[in-house]
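**Q** This structure is in structure tokens; I'll ask about it shortly.
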Amino acid sequence: MAEKCLLCEDYVVTDNCGVGEKGIDGLIKASIARKDWKHELFRGQKKVLHASCRKKYTRPQSITRDCHGICSNDARLEEEEFELDREVEESKEI
328 MAEKCLLCED YVVTDNCGVG EKGIDGLIKA SIARKDWKHE LFRGQKKVLH ASCRKKYTRP
388 QSITRDCHGI CSNDARLEEE EFELDREVEE SKEI
């Protein structure tokens, strides 16, 4: 039975990448930089990943791009929530 990639959660049939201790350290550092809490998955179990997923996940440019998108999205969300809160308050005044 094929195992699932810890990063994309698709089954690993080809492009299998076993990860050793040094590789796990890199994955943990990338997870901490991304603030996605996946580093908890990387500790204490057999690590099976797609080689391509591992490369994308640990590449510094990918981390920067992905984290920038998260920060931008969160900022917009907070702004939208503020607008909705103001509309609700204004409707209560009427």
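Just so we're aligned: the sequence shown equals residues 328 to 421 in my numbering. Even glycine gets a Cβ: it sits at the ideal position worked out from N, Cα and C.
#1: Is it right to say Y384 is buried, meaning 16 or more other beta carbons lie within 10 angstroms of its own, or is it exposed?
#2: Count the other C-beta atoms from every protein chain shown that fall within 10 angstroms of the C-beta of K331, then say buried if there are 16 or more, exposed otherwise.
#3: Taking just the CA atoms, how far does H366 sit from S399?
#4: Pull up the distance between the alpha-carbon of S389 and that of K356, whole angstroms please.
#5: Measure the CB-CB distance between I351 and K374 and report whether it falls below 8 Å.
**A** Let me lay it out:
#1: As a position in the sequence shown, residue 384 is number 57, starting the count at 1. Classification of Y384: buried, given that the 10 Å Cβ count is 16 or more.
#2: What you label residue 331 is simply residue 4 of the sequence shown in a count that begins at 1. It is exposed - the Cβ of K331 has fewer than 16 other Cβ atoms within 10 Å.
#3: Position 72 of the sequence shown, counting from 1, holds the residue named residue 399. Position 39 of the sequence shown, counting from 1, holds the residue named residue 366. Unreliable positioning characterises S399 in this predicted model, as indicated by a pLDDT of 47, which lies under 50. The coordinate reading is nonetheless provided below. So the two alpha carbons sit approximately 23 Å from each other.
#4: Taking the first residue of the sequence shown as 1, we reach residue 389 at position 62. Taking the first residue of the sequence shown as 1, we reach residue 356 at position 29. Spanning the two alpha carbons is a distance of roughly 13 Å.
#5: Translated into the one-based positions of the sequence shown, residue 351 becomes position 24. Translated into the one-based positions of the sequence shown, residue 374 becomes position 47. Yes, the Cβ-Cβ distance between I351 and K374 is below 8 Å.
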